[in-house]
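**Q** Have a look at the structure that comes next, please.
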Amino acid sequence: MNLILVLPLIVPLATAILTVLAGRWRWAQRWLSALGAAALLAAALALLEFVRREGIQVAYIGNWPAPYGITLAADLFSAIMLVLAGLMGLAVAVYSLASMDPARERFGYYPLLHILLMGVCGAFLTGDIFNLYVWFEVMLVSSFVLVALGGERAQLEGAIKYVTLNLMSSALFLAAVGSLYGVAGTLNMADLAVQLHQVAQPGLVTTLSILFLVAFGIKSAIFPLFFWLPASYHTPPVAVSAIFAGLLTKVGVYALIRVFTLLFVQDVAFTHTLILILAGLTMVTGVLGAVAQNSFRRILSFHIVSQIGYMIMGLGLFTPLALAGSVFYIAHHIIVKTNLFLISGVTQRLGGSDYLKKLGGFYAAYPGLGVLFLIPALSLAGIPPLSGFWAKLTLIVAGLDTGQYAIVAVALGVSLLTLFSMTKIWGEVFWKPAPARAALPASQVGLAGMILPIAVLALLTLSIGLLAEPLLALSTAAAEQLLNPAAYIQTVLGGR
Amino acid sequence: MDIVIAVLSGFLLAVIAPWVHRVGRRSAGWLLALLPAGLTFYFAAYLRELRPDFVVITSYPWVPGLGVSLSFYLDGLSLLFALLISGIGTLVVIYAGGYLAGKPQLGRFYALVLMFMASMLGLVLAGNAITLFVFWELTSLTSYLLIGLDHEREKARAAALQALLVTGGGGLALLAGLVLMGQVTGSLELAALLSNGAAIREHALYLPILLLILLGAFTKSAQVPFHFWLPNAMEAPTPVSAYLHSATMVKAGVYLLARLSPVLGDTEAWHYLVTGAGMATMLLAALLALGQTDLKRILAYSTVSTLGALTLLLGLDTTLSAKAAMLFLLVHALYKGALFLVAGAVDHEAGTRDIRRLGGLARAMPITAAAAGLAALSMAGLPPMLGFINKELLYEAKLQAPRAAGLITATGVAANMLLVAVAGLVGIRPFWSRSNAPDARPHVPGTSEVPGTSEAVHKEPHEAPLAMWLGPAALAGLGLINGLFPDALPSALVSAAASAVRGKPTVVELALWHGISPIFALSVLTVIVGAAIYVGRDPLYRAAQRFVPWLITGLRVVGHWGPEGGYDLALRGLNSLATTQTRLLQSGYLRFYLIIVMLTTVGLGGYTLLSRTGLTWPAGRSSDVRLYEILIGLLILAATLLALLSTSRLTVVAALGVVGYGVALIFTLFGAPDLAMTQFAIETLTVFLFVLVLYRLPRFAYYSSRRDRIRDAVVALAAGALMTALVLVVTSAPLQSRLTPYFVANAVPLARGRNIDNVILVDFRGLDTLGEITVLAVAGIGVYALLKLRLDEKNK
């Protein structure tokens, strides 16, 4: 068995178990958590390098051959996502050390964080559609507990909406998997890709693909299924919001891209056009939602929705360049969005509020933080030469290439509105003088621990922007693998 | 030295500029100015090789995957701009050291202005369309941060945002236009675009491309109706206004038009759009300029007018107009830069910029006054300044316009007359007018209150320090020297620049004296009428009020309800649209969220099912249904109905239990006894747990109205119908599992287990089970934490 494929599951699971065992010793928990996160990142990086050199990797769990047992498979797309998960895990684990309150730490924050990471990694790695469902459940239950952990009133209200709507997604997903098994008689995704071409009723497969679209659409918070996200992301501690913002919806997007490149390509004119329309609506409704908000984290939450539109725009366009744009966009977005949430935690800590009205004066008091905010914020708005510009440019070029002018116009217009709402935060939190009553507190305990991951992520955003080619080349290679699934299918099924 | 270093060095210095400021204190401005000064010399060195066909191209790969290279294209046009940018940049950095001395923002100013300079250099030197766009956006961004330098004032923040949104919006259009051009020609390199002009002009996408690019150029260069952001940008400190919003950045649009005129020009659409926009801007802004009382706003409107004139010239698209435009660019940068810096010096030393309160400063500030006077002469187009030569060339170009020469010339002369008066207002009046009695003219539209004008001139004016008079004096002096010796530097530069604009070698020979001609007569007329307007502006205003009140009202309306009103309206509209939409969608009620999710599923799924599969009632399948199966089915349905209708919780729980048992019975009948066993156990346990919890709950009550419940029932039934239909279609063909035969064959020999289900759970699909165990463990942690940890209560 291919150990390197299993490590991204074992490392977070082991970390979670060890942190539970170390429950009495808070310092041990904290160290284990940070070390585990670092190990996960290392494992993911090793896997990415391996996949880059040796091609798609497969592991047959329990040595049961495909399609009978459960197969883990890592192509470039999976490996890139794993690295991003590891990176965000580490950033948030370090940030948590400085920002998490002891009560939540005592009640299992760190084990939950690592189980969440395990679920995310499992979803990226699995080559089995039912196993994907299991990892979704792991993610859902751990994220639900993380949202609710602390039991504050706002948290519980958000958590109820979060869990109810996500359970809808699970139910639809399960029904869809069951039906798919009924049609194709198999669960291995590579095998499904083969079998679905031979189904007597291709229209039925298209119908099932719509169920997957809705189920994953809820997970990735597209229009009109995104309600759970803005309802819950501003309620838990910032570290939790940040890891959610970076990873959870992106698992949904990953799943969408995976099934709509590997499994459901029977009726592209219908399904992918539908995805493109939803992409446009998601961009617009999300950004308008952000414009209407008046608190830092709520603005950011709605922007997640809006940006998901860009990611699935590439899927809807369905050309190599467009998919490369999607992959690039996801990578850029995860880094930038997590970072913005982390920054909102710093301003909340120093300014004592998340509401724009009550914040202010940060540029005068902390010019360095201002720069650290501007990098991801402007990148999110697609200002060159930051990472978001290249992501957007790739999608726009792909859109113009295929003559899809409407979606390009929407994408450009929405990026202006994104800039508008980022400057709103900038104007209110950084430029505006601090409100009279809220003098900035002098206590800056643990601030360095919060700033460190922010600075690293900002530097990463800047580097991707200035040197975009390596990531673009990687994304292009990943997109080519996605659009030519023969190699994936051959690798998974060929080892029989 | 390579061009790439010349461009990027500004960014590097910008990063350390705040430290230089901290260490260098008062001499930081002089120190930092060494870089732009060096760059000026670097670019000046190219003057020696200046021939009409001069081009230097350097290229480095940047993002080859998208056809983007870090390439630079240096020809006469970019050299003219580069010299202006680095030269004026030098003076501005020095000037700011004096102007902003002691202000906390000075360190940031240095960083931003150097970053701007580098971006602007990149813009005019870029040899790749996307690279050009990258620098284009960077100039918008640095402009945003510089307008908002004094960020604690709300007006500065609003003006900064306005400038960013207007130029940023245009920038996005520009990006689309550039990418489309690249797709037509197959390359984004400037050299390739320039050599493929015919292909682009004949392409079906030509008009969209032209419109998109013009949108970018017009917003950046403040053409009507996008002009309003520029006067508002005067919220920026004066060195910024002088540098960005007069001499360089606002000319980026003009640069783009000049750069792309060999590609996009010489068509009807180009002529009408570009000339039309330029003419309207030129005249309207000149009129508005005269109505202002703030020195900087007067200058801003006159800058807009000039930008209009430049656009107009490029729209004419003749060799003569290209020459005139290039010379005008140089002349304007020299005199307007000087006048802005003078305005800053006056504000700094006299404490106000309100021309109604300024007067007689010449004695106190002799050097500044001299510089202002020279610059004003050049602006008014009087000999021996370079401006005089320029005006002759302008009129010549307009008279020889291919279309509507009469109208164009008349508008040009009118606008120039107004600008002569403006030159008097800003360059002469503050220094030489005897009285500083309040002006008779009332406040005119489009103006804003000038900060600090409520009190009288509160300072005893005195000459500005060296750092602050050096810039205006140097710029005004250059206007004089170049006017006296036009065949030296200006002729060569303008020839090379005009060649680039025309795309073919063009020679310009400038001379101060052309002899008496109709053009000279026009020049003289312009100055005489302009001077008359300056002297008689108050009676003239009153007369205008009496005889052409519509003009005054019209200007007032344009000022209040014109494009800027449109901008405000759009912003308000956006906010209310956003609020309404969000209130509708993100209502806060879980039930609405669920309904929308359900209806989306039913709508999309149902539509696809109906349109993609011939949904027919499966024939011949009712025959093999047995009676007891029907009975179990009815039992489940009845129990479901009871659960829905009953008002007793205990009944509901029991009914749900019946549903679960019914399902388990079906499992038993269809050959899955172990599954049924599990189901029985779970159902029993669930009912027990429910009953235990029930005693803790409040009394049962209906909270939703009858209508709500009917609505919910419809949604639920629709969802149920979809799933039923789907299951019927799926099961219409017999299941042929690819997995079961393998599991059956290998459970005993390979997995050593006789219960296949168990083997599947713990071996074949053991990873699933690991995941599910994890889910249970996490749920355990969750329940414990939810019960025990209530931070709300603890904090109380």
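In the order they appear, the protein sequences are chains G and E. The first sequence begins at 4 in the numbering used here and counts up by one. The second sequence begins at 38 in the numbering used here and counts up by one. C-beta: ideal position from N, C-alpha, C; glycine also.
1) At 4 residues or longer, what runs of the alpha helix (DSSP H) sit wholly inside the region 52-106 of chain G?
2) In the structure shown, what three-state DSSP assignment does Tyr358/G receive?
3) Ends of the beta strand (DSSP E) at Phe109/E?
4) Label Met286/G either buried or exposed according to how many other C-beta atoms from any shown protein chain fall within 10 Å of its C-beta, with 16 as the threshold for buried.
5) Which residues in chain G sit within 8 Å of Met760/E, going by Cβ to Cβ distance?
6) Quick check on DSSP: helix, strand or coil for Thr355/E?
7) Roughly how many angstroms lie between the CA atoms of Ala193/E and Ser536/E, to the nearest whole one?
8) Cβ atoms of Ala193/G and Ile7/G: under 9 Å apart, would you say?
9) With a 10 Å radius around its C-beta and 16 neighbouring C-beta atoms as the bar for buried, classify Asp104/G as buried or exposed.
10) Identify whether Glu174/E lies in helix, strand or coil by the three-state DSSP scheme.
11) Cβ of Gly396/E within 9 Å of Cβ of Pro509/E?
12) Helix, strand or coil for Trp550/E? Go by DSSP, reduced to three states.
13) Reducing DSSP to helix, strand and coil, say where Val463/E ends up.
14) Would you mind telling me which residues of chain E sit closer than 8 Å to Asp404/G, beta carbon to beta carbon, in chain order?
15) Given a cut-off of 9 Å, decide if Phe53/G and Ala82/G are closer than it, judged by their beta-carbon atoms.
16) Is the CB-CB distance between Leu85/G and Phe127/G below 9 Å?
17) Look at the alpha carbon of Val9/G and the alpha carbon of Leu75/G, and state the distance between them as a whole number of angstroms.
18) Rounded to the nearest angstrom, what separates Gly449/G and Ile818/E at their Cα positions?
19) Am I right that Ala533/E and Leu327/E are in contact with their C-beta atoms under 8 Å? What's the rounded C-beta distance?
20) In three-state terms, what does DSSP make of Leu367/E?
21) Identify, in the order they occur along the chain, each residue of the same chain with its Cβ nearer than 6 Å to the Cβ of Gly315/E, setting aside the five sequence neighbours on each side.
22) Suppose the cutoff is 8 Å on Cβ atoms and the five residues either side in sequence are ignored; what does the same chain contact list for Ile237/E look like?
23) What three-state label does DSSP hand Asp794/E in the structure shown?
24) Quick one: give me the first and last residue of the beta strand (DSSP E) that Thr479/G is part of.
25) Less than 8 Å between the CB atoms is what I'm expecting for Leu530/E and Pro421/E, so what's the real figure, rounded?
26) Pull up the distance between the alpha-carbon of Thr617/E and that of Phe299/G, whole angstroms please.
27) Please look up how many angstroms separate the CB atoms of Val294/G and Asn612/E, rounded, as I've assumed it's under 8 Å.
28) Run through the DSSP bridge pairs and tell me what Tyr97/E is partnered with.
29) Do you know whose CA, among Thr637/E, Leu281/E, Pro141/E and Ala756/E, lies nearest Val217/G's CA?
30) So, Val411/G versus Ala213/E, is the Cβ gap smaller than 9 Å?
31) Give me whichever residues DSSP pairs with Thr129/G in a beta bridge.
32) Between the region 570-579 of chain E and the region 444-451 of chain E, do three or more beta carbon pairs fall short of 8 Å?
33) Using a beta-carbon distance cut-off of less than 8 Å, what residues from the region 171-187 of chain E approach chain G?
34) Going by DSSP, name the residue or residues bridged to Val92/E.
35) Could you pull the DSSP bridge partners for Asp331/E from this structure?
36) Do you know how far the Cα of Trp506/E is from the Cα of Ala568/E?
**A** Reading it off the structure:
1) 79-102
2) strand
3) From DSSP, the beta strand (DSSP E) with Phe109/E extends over Val105 to Asp112.
4) buried
5) Ala178
6) coil
7) In a straight line, the C-alpha of Ala193/E is about 41 Å away from that of Ser536/E.
8) no
9) exposed
10) helix
11) no
12) coil
13) helix
14) Gln220
15) yes
16) yes
17) 8 Å
18) 28 Å
19) Not really, about 36 Å apart at Cβ, beyond 8 Å.
20) helix
21) Gly345, Thr348, Leu349 and Gly352
22) Met218, Val221, Thr222, Leu230, Tyr243, Ile246, Val300 and Leu301
23) helix
24) It is not in any beta strand (DSSP E) - Thr479/G instead sits in the alpha helix (DSSP H) that spans Glu472 to Leu486.
25) Not a contact, Cβ separation roughly 19 Å.
26) 20 Å
27) 6 Å
28) In the DSSP assignment, the residues bridged to Tyr97/E are Leu107/E.
29) Thr637/E
30) yes
31) Leu75/G
32) no
33) Val171, Glu174, Leu175, Leu178, Tyr181 and Gly185
34) Asp112/E
35) Asp391/E
36) 27 Å
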